[in-house]
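Colleague:
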Amino acid sequence: MKWEHLIKGQAKDYKFFLTGYKQSLDQLNADIVLLLGQHTEKTAPQNVRDKIARDRAAWETLWGINGQKIAAMREIHQKELDAFFSHPE
535 MKWEHLIKGQ
545 AKDYKFFLTG
555 YKQSLDQLNA
565 DIVLLLGQHT
575 EKTAPQNVRD
585 KIARDRAAWE
595 TLWGINGQKI
605 AAMREIHQKE
615 LDAFFSHPE
């Protein structure tokens with residue numbers, strides 16, 4: 535594998551991740567607006583605030599800086615880099 539090919543592939547992966555991140559965050563925020571209705575987060579009933587907190591925590595687990603999506607991508611990229619530097623062309 536050539537260095538340029540490796541860089542292009544990883545850049546494409548990051549672009550795909552960031553697009554998914556933005557779409558997911560937009561969806562989370564839209565869901566929160568729907569849940570709140572006429573309320574603010576401070577005035578919403580406790581069950582609604584709890585649901586919002588659970589949704590945010592789940593989103594963070596999947597998409598956050600140490601989330602499952604980015605961790606999986608970093609692992610793949612690290613393997614590619616290790617393989618490249620072990621056997622450079």
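Numbering (my numbering), first residue to last: 535 to 623.
Cβ atoms here follow ideal geometry from the backbone N, Cα and C, with glycine treated the same way.
Let's test the definition: count the other Cβ atoms within 10 Å of the Cβ of W597 and tell me whether it reaches 16, buried, or not, exposed.
Modeller: The residue in question, W597, is buried, as its Cβ has 16 or more Cβ neighbours within 10 Å.
Colleague: When DSSP labels each residue in this structure, what does K576 get in the three-state scheme?
Modeller: Residue state, collapsed to three classes: coil.
Colleague: Under 8 Å between the Cβ atoms of E614 and L552?
Modeller: No.
Colleague: Do three or more CB pairs link the region 554-564 to the region 584-598 at distances below 8 Å?
Modeller: Yes, the region 554-564 touches the region 584-598.
Colleague: Is the distance from the Cβ of V582 to the Cβ of L568 below 8 Å?
Modeller: Their beta carbons are not under 8 Å apart, which means V582 does not touch L568 by this criterion.
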